[in-house]
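Colleague: The listed protein sequences correspond, in order, to chains U and C. Residue 44 in the working numbering is what sits at position 44 of the first sequence, and the numbering runs on without skipping anything. So the number in the working numbering is just where the residue sits in the second sequence, counting from 1, plus 1000. We put the beta carbon where it would ideally sit given N, CA and C, even for glycine. For reference, the structure I am asking about is given below.
2 protein chains.
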Amino acid sequence: MSQVNKQILLAARPDGEASAAHFKLAESPLPQNVSDGQVLVRHHYLSLDPYMRGRMSEAKSYAQPHPLGTPMIGGTAGEVVLSNHASFKPGDKVVGMGGWQQYSVVDAAQPGVLRKVDATRIPLSAYLGAVGMPGVTAWYGLVKICEPKAGQTIVVSAASGAVGSAVGQLAKARGCRAVGIAGGAEKCRYVVDELGFDACVDYKAHADPKSLYLALKEATQQGVDGHFENAGNPTVGGGVARMNAFGRVAVCGMISGYDGQPIPLAHPQLILQSRLRVEGFIVSEHMEVWPEALRELGAGVAAGTLRYRETVAQGIEAAPEAFLGLLKGKNFGKQLVKLV
Amino acid sequence: MSQVNKQILLAARPDGEASAAHFKLAESPLPQNVSDGQVLVRHHYLSLDPYMRGRMSEAKSYAQPHPLGTPMIGGTAGEVVLSNHASFKPGDKVVGMGGWQQYSVVDAAQPGVLRKVDATRIPLSAYLGAVGMPGVTAWYGLVKICEPKAGQTIVVSAASGAVGSAVGQLAKARGCRAVGIAGGAEKCRYVVDELGFDACVDYKAHADPKSLYLALKEATQQGVDGHFENAGNPTVGGGVARMNAFGRVAVCGMISGYDGQPIPLAHPQLILQSRLRVEGFIVSEHMEVWPEALRELGAGVAAGTLRYRETVAQGIEAAPEAFLGLLKGKNFGKQLVKLV
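If you want it as structure tokens, here you go:
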């Protein structure tokens, strides 16, 4: 077994845009045994997610800032290599919050910190995406906030991403028209041709908000009943402007805002004019829906009816650059780092 | 009986700010008798409300634009002078949507268009304010959207107005801390000293958004659990920034937006960070709550525990100027026009 555990630490807090200088590669000695109730997990995959940007800052967010000098927080999928807990044995595939490092020691006696998963019918990496936090995020915002009904139109931004791709496919499964917003012709083709959305608007082809609005209007001729906001400006404005009366807007991510610049919502009076409900949510605060959501998501992935795409960076050293790319929308689908 | 019915017509649609030029005084012959099922009502009071600005424009709103060349829409309280309907007799006090005119002929057979009211315990004008649409608006947004619990903090903008004053008093009756936002020291004194709010922030004393935010912070040291948005910029931004996690924002009016200029919401990412629910509503779409709301509001006015203030313009000719003043916040309490 390796003697070292390579880690990426949070080295400094960004004042504005995050950069490689805010991270630092470190090595710590790898424990060769574990205490009672503990498990040593070797991470196969690290998940990179927009929420991590919020944790880097001191700024008010829904979570505590991440402590400086410690490995960045992050979801991981891996394999038990040492266990001193009766429920886990070497070779078990597990999902947890191991952070930006190759290994983690987990106090497995704490409920929920480590979850065994079946990697025979569902690829291990999917537990960080379509059958994990991003998938449940899509499910919660769509099902519990947008409350879609057959025949309605659902719009989702960052449509080719881990969350957005699930939102549209879950909406289609409910008889809705699914319209994506994504950056670039290639992503839009994927959203329509491979994920089966009814339409996708390329926001990069519409620098002018008016032009973006008209493209979205063309794609949503019956208006929009549910908008899943997953990216931030400029799509919020355009999306809200197309909303039908009593429409629902689920707000789960505002990547463009994570670097600290404000993203004004240009026409909040539409909230009144169209009697919208706009609701922000954090999926980890709604653990009660996870079992139901994971059943639908897992069944879809196992059956091949819920599709997804991954961008995989190689090696823990690549995590910062991959993460910075994610914040700029350079990934295509779920951004992962492969660690073995 | 008079031979003429003076009216204010919508003469032109504003492109930007509304002005006197968009209205026109007219006279029509007053009917001397009414057909089967009809009632002739002499209006004692006309209600002026911000929503009317929306109806003047062609712009997308929650309602059809008001037709040019016809009397402006508006709530009225008055007295039956002629009746050809079994349920109404001359002298009955009634509330309806008679418009900006001295008299209206009402097809009383249509359900809900004309409502008899008891003006012995409650002043007739109150049926256009605290015991009418503004009162029910306050009740719905507070009770059904903010869902206040004892000990929570509720903030309301335009706090001295017809809606805002009821919001704060209803919140106090539920054991909440009520904090108003109003324009000017006199209005703020009234809100605290006469209406019994715990505090009131004078937004005119804080031209700088940061200064307004700090004043609101001082008044809401435990954060804000429910925000009743009743005015528009600049209070939306400051209010939302003080919201506690899972706070509710009821959006019922954005006066500052009615003249067509956009009011950007500066930090919509707070919707996510604080997991807010922001919901717009139009009280006329929730008729099911009116009986319950009117019971509480009527009892409060009759008992003197629900207080309100009126600004009364004299004569139908004064309606346009009074309305334009309302849009600029020149009124103090419910804006009415007295017609007899």
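Below 6 Å CB to CB, which residues in the same chain sit around E27/U once its five sequence neighbours on both sides are set aside?
Modeller: In the first sequence, residue 27/U corresponds to position 27, counting from 1. So the list reads V4 and K6, once near-sequence residues are dropped.
Colleague: May I have the straight-line CA-CA distance separating A319/U from P29/U, to the nearest angstrom?
Modeller: Your numbering for residue 319/U matches position 319 in the first sequence. Your numbering for residue 29/U matches position 29 in the first sequence. Each residue's Cα considered, the two are about 20 Å apart.
Colleague: Would you report the Cα separation of Y1258/C and D1015/C, rounded to the nearest angstrom?
Modeller: Position 258 of the second sequence holds residue 1258/C. Position 15 of the second sequence holds residue 1015/C. Annotation note: pLDDT 47 at Y1258/C (below 50); position unreliable, no value reported.
Colleague: What are the residues in the region 281-300 of chain U lying within 9 Å of chain C by C-beta distance?
Modeller: Those residues of the region 281-300 of chain U that come within reach of chain C (Cβ to Cβ, closer than 9 Å) are F281, I282 and E285.
Colleague: I1271/C CB to nearest chain U CB: under 8 Å?
Modeller: Taking the second sequence and counting its residues from 1, one reaches residue 1271/C at position 271. Yes, I1271/C counts as interfacial toward chain U.
Colleague: Using Cβ-Cβ distances below 9 Å, what residues of the region 163-174 of chain U are close to chain C?
Modeller: Answer set for the region 163-174 of chain U: empty.
Colleague: Give the single residue among V81/U, F88/U and L124/U whose Cα lies nearest to the Cα of S47/U.
Modeller: Residue numbering aside, residue 47/U sits at position 47 when the first sequence is read from its first letter. If we check each option's Cα against that of S47/U, L124/U comes out closest.
Colleague: Please state whether DSSP places Q38/U in a helix, a strand or coil.
Modeller: The residue given as residue 38/U occupies position 38 in the first sequence. Three-state result, Q38/U: strand.
Colleague: Using 8 Å as the cut-off, can you tell me whether the region 68-78 of chain U makes contact with the region 98-107 of chain U, which would need three or more C-beta pairs spanning the two stretches below that distance?
Modeller: These segments touch.
Colleague: Taking I1145/C and A1171/C to be in contact with their CB atoms under 8 Å, please state how far apart those CB atoms are, rounded to whole angstroms.
Modeller: On the second sequence, position 145 is the one that residue 1145/C refers to. On the second sequence, position 171 is the one that residue 1171/C refers to. Not quite, the Cβ-Cβ distance comes to about 13 Å (not below 8 Å), so this is no contact.
Colleague: Do you know offhand how far S211/U's Cα is from S160/U's?
Modeller: Taking the first sequence and counting its residues from 1, the one referred to as residue 211/U is at position 211. Taking the first sequence and counting its residues from 1, the one referred to as residue 160/U is at position 160. Each residue's alpha carbon lies about 21 Å from the other.
Colleague: Using the Cα positions of M133/U and V1201/C, report the straight-line distance between them to the nearest angstrom.
Modeller: Here residue 133/U refers to the residue found at position 133 when the first sequence is read from its first residue. Here residue 1201/C refers to the residue found at position 201 when the second sequence is read from its first residue. Roughly 42 Å separates the two Cα atoms.
Colleague: List the residues of chain C whose Cβ lies closer than 7 Å to the Cβ of R277/U, in chain order.
Modeller: Taking the first residue of the first sequence as 1, we reach residue 277/U at position 277. Result: R1277 and E1279.
Colleague: May I ask you to report which of helix, strand or coil DSSP gives Q221/U?
Modeller: Numbered from 1 along the first sequence, position 221 holds the residue referred to as residue 221/U. If DSSP states are grouped into helix, strand and coil, Q221/U belongs with coil.
Colleague: Output yes if chain C places a C-beta closer than 8 Å to the C-beta of G16/U; else output no.
Modeller: The residue given as residue 16/U occupies position 16 in the first sequence. Taking Cβ atoms only, chain C never reaches closer than 8 Å to G16/U, which makes this a no.
Colleague: Pull up the distance between the alpha-carbon of G260/U and that of V1131/C, whole angstroms please.
Modeller: The residue labelled residue 260/U in the question sits at position 260 within the first sequence. The residue labelled residue 1131/C in the question sits at position 131 within the second sequence. Its pLDDT being 48, under 50, G260/U is placed unreliably in this model, and the coordinates cannot settle the point.
Colleague: In chain order, what residues of the same chain lie with their CB nearer than 7 Å to the CB of I73/U, ignoring the 5 residues before and after it?
Modeller: Residue 73/U sits at position 73 when you count from the first residue of the first sequence. Correct list, in chain order: M52, R55, H66, M97 and G99.
Colleague: Per DSSP, which residues does F246/U bridge with? Please list them.
Modeller: To locate residue 246/U, count along the first sequence from 1; it is residue 246. F246/U pairs with nothing; no bridge assigned.
Colleague: For a contact meaning CB atoms closer than 7 Å, what does V251/U contact in chain C?
Modeller: Working through the first sequence from its first residue, we reach residue 251/U at position 251. Neighbours of V251/U on chain C, chain order: I1271 and L1272.
Colleague: Whose C-beta lies closer than 6 Å to the C-beta of R1121/C among residues of the same chain, with five residues either side of it excluded?
Modeller: Within the second sequence, numbered from 1, the residue matching residue 1121/C stands at position 121. A1302.
Colleague: Take every Cβ of the region 83-97 of chain U, pair it with every Cβ of the region 105-119 of chain U, and state whether three or more of those distances are shorter than 8 Å.
Modeller: The region 83-97 of chain U is in contact with the region 105-119 of chain U.
Colleague: Expressed to the nearest angstrom, what Euclidean distance is found between the alpha-carbon atoms of P1356/C and F1332/C?
Modeller: The requested residue 1356/C is not part of the displayed model; chain C covers only 1001 to 1340.
Colleague: So E194/U and R307/U are supposed to be a Cβ contact under 8 Å. How far apart are they, rounded?
Modeller: Taking the first sequence and counting its residues from 1, the one referred to as residue 194/U is at position 194. Taking the first sequence and counting its residues from 1, the one referred to as residue 307/U is at position 307. Yes, E194/U and R307/U are in contact; Cβ-Cβ is about 6 Å, under 8 Å.
Colleague: Going by other Cβ atoms of all chains shown within 10 Å of its Cβ, with 16 needed for buried, is P234/U buried or exposed?
Modeller: Residue numbering aside, residue 234/U sits at position 234 when the first sequence is read from its first letter. For P234/U, the pLDDT reaches just 45, beneath the cut-off of 50, and the residue's location in the model is therefore unreliable, leaving the point undetermined.
Colleague: Looking at chain C, is there any beta carbon in it that lies within less than 8 Å of the beta carbon of I255/U?
Modeller: In the first sequence, counting from the first residue as 1, residue 255/U sits at position 255. Interpretation of I255/U is limited by its pLDDT of 48, a score under 50 that renders its predicted location unreliable; the figure taken from the coordinates is listed afterwards. So, not an interface residue.
Colleague: Kindly say whether P1234/C, judged by its beta-carbon, lies nearer than 8 Å to any beta-carbon of chain U.
Modeller: Sequence index remark: in the second sequence, residue 1234/C carries index 234 (1-based). Annotation note: pLDDT 45 at P1234/C (below 50); position unreliable, coordinate value reported separately. It does not: the Cβ of P1234/C has no partner Cβ on chain U nearer than 8 Å.
Colleague: Please report how far the alpha carbon of Y140/U lies from the alpha carbon of G325/U, in whole angstroms.
Modeller: Translated into the one-based positions of the first sequence, residue 140/U becomes position 140. Translated into the one-based positions of the first sequence, residue 325/U becomes position 325. Distance between the alpha carbons of Y140/U and G325/U: 26 Å.
Colleague: Provide the residue(s) that pair with V1095/C in DSSP beta bridges, ordered along the chain.
Modeller: Within the second sequence, numbered from 1, the residue matching residue 1095/C stands at position 95. According to DSSP, which records beta bridges pairwise, V1095/C is partnered with A1077/C and R1115/C.
Colleague: CB G180/U to CB V143/U, shorter than 8 Å?
Modeller: Along the first sequence, one-based indexing puts residue 180/U at 180. Along the first sequence, one-based indexing puts residue 143/U at 143. Against a cut-off of 8 Å, the Cβ pair of V143/U and G180/U comes out as no contact.
Colleague: Can you list, in chain order, the stretches of the beta strand (DSSP E) that have 3 or more residues and sit fully within the region 1256-1333 of chain C?
Modeller: As far as the region 1256-1333 of chain C is concerned, its whole beta strand (DSSP E) runs of at least 3 residues are 1277-1280 and 1310-1314.
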